[in-house]
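Below is one structure, written out as C-alpha cells, with a few remarks after it.
Chains as they are written, first to last, in the working numbering: chain B, 433 to 570; chain F, 433 to 570; chain V, 433 to 570; chain W, 433 to 570.
Structure below.
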C-alpha cells in the first residue's frame with residue numbers, strides 16, 4: 433500500500449539530487465521499508481553496446497536502497513553496495529524494487545531487484561543488489 | 433609505464449559509451465592489468481548534499497575495473513561489482529585506479545581505489561571497490 | 433516440494449566434504465533451485481563472545497548457495513560470496529535457506545537467508561548472503 | 433614491524449574463540465592496522481575435492497580483518513564480509529594478510545589477501561576479501 437506522505441517525502445529528496453534529475457529517476461511508490469524507483473531508457477545512459485551502463489544499474493540500486501532505508505530511518509549515507517549483473521540490461525524502462533531487510537540503530541541493510549521493462553510492459557529481472565547504509569544522528 | 437597502444441585502445445572503448453561521454457570519463461593511463469580513469473566534478477553528478485553520487489562512484493569503479501580487465505582479456509562483461517564509501521566524495525576531480533588481481537580464462541577479478549582531488553592537487557582515498565568480469569568468447 | 437532424488441544427491445556431496453561433516457551440516461530439503469541446510473549449535477563453532485563465528489555463518493551461506501546451484505547445474509565452484517551479519521547469531525540451530533536467482537551457462541547467482549532457531553523452535557533472520565558460482569564443464 | 437603488545441592482545445582474543453582454536457588459527461604478526469593470521473592445513477577443513485573449504489577461506493578473511501580492525505579500534509563486530517575465490521586453495525598452510533583501509537568512528541573497512549603456502553614455502557594468492565566492522569562503544 434502506497435503511503436502518500438512517505439512518497440512525497442522520498443520524492444522531495446529524489447528531486448533534490450542533481451544526478452537523479454539528470455537520470456530521470458522517478459519514485460513510483462513508497463511504504464515503510466519498501467520503495468520502487470523507475471527510470472526511462474535514454475541513450476546517454478548506455479555502455480559501449482548500447483545496454484544500460486552498469487554504473488546506472490548501480491545508481492538505481494544504491495538510490496532505491498537508500499530511499500527504502502530513508503522510510504525507516506530518515507537521512508542515511510551509503511556505506512557499501514554491491515551489484516550482480518544477471519542479464520543484459522535492455523529495455524524501455526528500468527524498475528528498482530528495494531526492501532529493508534534489517535533496520536538497526538546504526539545500520540540499515542536492504543536488498544534490491546532491478547527489472548527491465550519491454551515495450552509491451554513485460555518485466556525481466558536483470559540485476560540484483562544489496563546496500564548497507566549508516567544512519568545520520570539527529 | 434603507460435602503454436600507448438593499450439591507452440588508445442581503451443580510450444576508443446571509453447569514447448564509444450554514451451554514458452562515459454556524458455560523465456566525462458577520461459582514460460589517463462593504461463598498462464597491462466592497470467588503468468587509471470579520471471572525471472572532473474560537475475553539478476549534474478551530485479547527490480542530495482552535493483557530493484559525488486554513489487552511483488557515479490560505482491560507475492567509475494565498474495568502468496575502471498572493466499578497462500583494467502580489457503587490457504588483459506579483450507572485451508568483457510561486468511558480472512559483479514561492489515563499492516565501499518569511505519569518506520564524503522567531494523573534490524574537483526575523481527581518479528579511479530584499477531588493478532587486475534587475477535585474470536583467469538573465464539573470469540577477471542579487479543580491485544579499484546577511488547581518490548578525490550582537491551584544488552591544490554592533493555588526493556584523498558574516498559572509496560574502494562571490486563569488480564568481477566566475464567570474458568567474452570571470440 | 434522436496435525432490436527426494438535431488439535431496440539424496442545433495443546429501444551425498446555434503447557427506448563427501450570433511451568440513452561439512454565436522455560442522456554437522458545437514459541437508460534438510462532440496463528442490464530445483466532451492467536448498468535448506470541445517471547445523472546444530474556446538475561450542476567449537478563459537479567466536480569470542482560465544483555466538484556463531486562469522487566464518488561459520490559464511491560457511492553455511494556458501495555451502496547452501498553452492499548446493500542450490502548444484503540442483504540446477506551439477507558440480508560448481510564458488511567464485512564469490514558475501515555475508516551480512518544482521519543480528520547476533522545465537523541459537524540452538526542455524527538454518528540456511530538458499531535460492532537460485534539466475535542460472536546461466538557459466539555462472540549461477542544465489543541469495544541465502546540464515547535463521548537462528550531458539551529452543552522453542554522460533555526463528556530469527558540473523559544473516560543474509562549472496563554467492564556466485566562457476567559451472568564446471570563436463 | 434611487529435608490535436609485541438598488540439600481538440599479545442590479538443593473540444589473547446584469538447585464543448578466546450573456540451572456533452579459532454579448533455581451526456588452529458595463529459596470529460603471526462600484528463601492528464597498527466595490519467595483522468597476519470596463519471592456519472596449517474588439516475583434513476577436517478576440506479570441501480568435497482579436498483581443497484580448503486570456502487567457508488574456512490571466509491573464516492580466515494573475516495578473522496584477519498577483524499583483528500586488523502581491533503588494532504585500531506578495540507572490540508568490533510563484523511557487519512559485512514566478502515570473499516573472492518581466485519584459485520583452488522591447496523597448500524600446507526594458509527596465510528591471511530589483513531590491512532585497515534579506513535578506520536572511522538563507527539565503521540572500519542579492511543582488505544585481506546589469502547595465500548596458500550606449499551611445502552617449499554612458496555606462496556600463491558588464492559583468495560581476496562573485504563570486511564566491514566562496527567566499533568563497539570565503550
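All C-beta atoms in this analysis are idealised placements derived from N, C-alpha and C, irrespective of residue type, glycine included.
Is it right to say residue i is buried, meaning 16 or more other beta carbons lie within 10 angstroms of its own, or is it exposed?
i, result
"residue 528 of chain F", "buried"
"residue 436 of chain W", "exposed"
"residue 550 of chain F", "exposed"
"residue 455 of chain W", "buried"
"residue 481 of chain W", "exposed"
"residue 475 of chain B", "exposed"
"residue 444 of chain F", "exposed"
"residue 536 of chain V", "exposed"
"residue 524 of chain F", "exposed"
"residue 440 of chain B", "exposed"
Using C-beta distances below 6 Å, list every residue in its chain close to residue i, excluding the 5 sequence neighbours before and after it, in chain order.
i, result
"residue 534 of chain B", "541"
"residue 570 of chain W", "Bear in mind that a pLDDT of 48 at residue 570 of chain W, under 50, signals an unreliable position, so the number given afterwards is only what the model happens to contain. No residues qualify anywhere along the chain."
"residue 464 of chain B", "503"
"residue 438 of chain V", "462, 503"
"residue 458 of chain B", "470"
"residue 390 of chain V", "Here chain V covers residues 433 to 570 and nothing more, so residue 390 of chain V does not appear."
List, in order along the chain, the chain B residues whose C-beta lies closer than 7 Å to that of residue i?
i, result
"residue 479 of chain F", "449, 451"
"residue 494 of chain F", "486, 487, 490"
In chain W, which residues lie less than 9 Å from residue i when you measure between Cβ atoms?
i, result
"residue 560 of chain F", "533, 534, 541, 543, 562"
Give every residue of the same chain whose Cβ lies closer than 7 Å to the Cβ of residue i, excluding the five residues on either side of it in the sequence, and list them in chain order.
i, result
"residue 498 of chain F", "508, 510, 563, 565"
"residue 489 of chain W", "515, 517, 521, 546, 559"
"residue 500 of chain F", "465, 466, 467, 530, 531, 532, 542"
"residue 487 of chain V", "none"
So residue i contacts chain B; which residues on that side make the cut at Cβ distance below 8 Å?
i, result
"residue 518 of chain V", "533, 534, 536, 541"
"residue 511 of chain V", "Chain B residues near residue 511 of chain V: none, gap ~11 Å exceeds 8 Å."
Given that residue i touches chain F, what residues does it touch there, using C-beta distances under 8 Å?
i, result
"residue 566 of chain V", "538, 539"
What does residue i touch in chain W if you count any residue whose Cβ is under 7 Å from its own?
i, result
"residue 514 of chain F", "514"
Identify the contact partners of residue i in chain V, using a Cβ-Cβ distance below 7 Å as the criterion.
i, result
"residue 485 of chain W", "449, 451, 491"
Please go through the same chain and pick out, in chain order, the residues whose beta-carbon is closer than 8 Å to the beta-carbon of residue i, but skip the five residues on each side of it.
i, result
"residue 516 of chain V", "559, 560, 561"
"residue 568 of chain B", "506, 507, 508, 509"
"residue 478 of chain F", "484, 485"
"residue 539 of chain F", "511, 564, 565, 566, 567"
"residue 434 of chain F", "461, 462, 463"
"residue 513 of chain V", "490, 493, 494, 497, 561, 562, 563, 564"
"residue 442 of chain V", "459, 462, 467, 499, 502, 503"
"residue 473 of chain F", "484, 523, 524, 525, 526"
Show which residues of chain F have a CB atom less than 9 Å away from the CB atom of residue i.
i, result
"residue 468 of chain B", "None at all; the shortest Cβ gap to chain F is about 17 Å."
Whose Cβ in chain F lies nearer than 7 Å to the Cβ of residue i?
i, result
"residue 445 of chain B", "480"
"residue 476 of chain B", "450, 451, 454"
"residue 557 of chain B", "Simply none; closest approach about 15 Å."
Which chain V residues sit within Cβ distance under 9 Å of residue i?
i, result
"residue 529 of chain W", "Correct list: empty, because the minimum Cβ distance to chain V is about 17 Å."
For residue i and chain A, any beta-carbon pair shorter than 8 Å?
i, result
"residue 528 of chain F", "The chain inventory of the structure shown lacks chain A, comprising the protein chains B, F, V and W."
Is residue i close to the ligand COA? I mean its beta-carbon at under 7 Å from any heavy atom of the ligand.
i, result
"residue 475 of chain W", "The ligand COA is absent from the structure shown, which contains no ligand whatsoever."
Between the stretch 547-555 of chain B and the stretch 486-493 of chain B, can you find at least three pairs of beta-carbon atoms closer than 8 Å? no
Mind the definition here: the stretch 448-465 of chain B touches the stretch 516-524 of chain B only if three or more C-beta pairs lie below 8 Å; say whether that holds. no
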